[in-house]
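Encoded as structure tokens, the structure appears first; notes follow it.
Numbering (my numbering), first residue to last: 5 to 183.
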């Protein structure tokens, strides 16, 4: 299967096909540099809620070097992707002008330009979401300060089954929109 993001082909080597269950529901996030307690809250509460689908997280090289984090991820069946990017420091101390390395198949179109790391994650999330079946529920969320009090999907699946239109649903703290 070819995965395209922003009109560019993602390098097949950048997708861990064998680790994903394409028919599963999935929670996608990017989190880098967080202490293990943040992992315990996010992943631990999600698994404790009864969620058995895929959890896909993009992390830094430094995170991949932390044995406590990688072992916790393995134990809880988290698919980890090491993000290979370079960034310049912006004026406010945040990472700016970031570029992914070896994520796309070279096509001669050139670099799409740098962007803040907070925006770059959407290219990754877009690619990972394309691994899943059209009937899978895909939940993109922040990583830090997120924990689960209950399984995130039964109510959403029930609501989707009531509707015939399907579509993209956007849930936020200030309301729900169907697009």
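Even for Gly, the Cβ is constructed at its ideal location relative to N, Cα and C.
The structure presented is a predicted model; accordingly, all values stated were derived computationally and were not measured.
For residue i: DSSP bridge partner residues
i: residue 144; result: 32
i: residue 6; result: According to DSSP, residue 6 bridges with nothing at all.
i: residue 93; result: 99
i: residue 58; result: 30
As assigned by DSSP and simplified to three states, the class of residue i
i: residue 183; result: Unreliable placement is indicated for residue 183, whose pLDDT of 47 sits below 50; the coordinate value is still reported in the next sentence. Correct three-state label for residue 183: coil.
i: residue 11; result: coil
i: residue 101; result: strand
i: residue 108; result: strand
i: residue 63; result: strand
i: residue 44; result: helix
i: residue 86; result: strand
i: residue 162; result: helix
i: residue 17; result: helix
i: residue 167; result: coil
N-terminal and C-terminal residue of the alpha helix (DSSP H) that residue i is part of
i: residue 124; result: 121 to 133
i: residue 72; result: 71 to 79
i: residue 51; result: 49 to 52
C-beta contact flag for residue i and residue j at 9 Å
i: residue 83; j: residue 23; result: yes
i: residue 5; j: residue 152; result: no
i: residue 50; j: residue 59; result: yes
i: residue 120; j: residue 138; result: no
i: residue 94; j: residue 66; result: no
i: residue 13; j: residue 109; result: yes
i: residue 25; j: residue 57; result: yes
i: residue 87; j: residue 43; result: no
Cβ distance (whole Å) where residue i is taken to contact residue j below 8 Å
i: residue 102; j: residue 124; result: 5 Å
i: residue 143; j: residue 31; result: 5 Å
i: residue 9; j: residue 131; result: 5 Å
i: residue 155; j: residue 54; result: 5 Å
i: residue 118; j: residue 85; result: About 20 Å; that fails the 8 Å criterion.
i: residue 146; j: residue 64; result: Going by Cβ atoms, the distance from residue 146 to residue 64 rounds to 16 Å, so no, they are not a contact pair.
i: residue 140; j: residue 27; result: 7 Å
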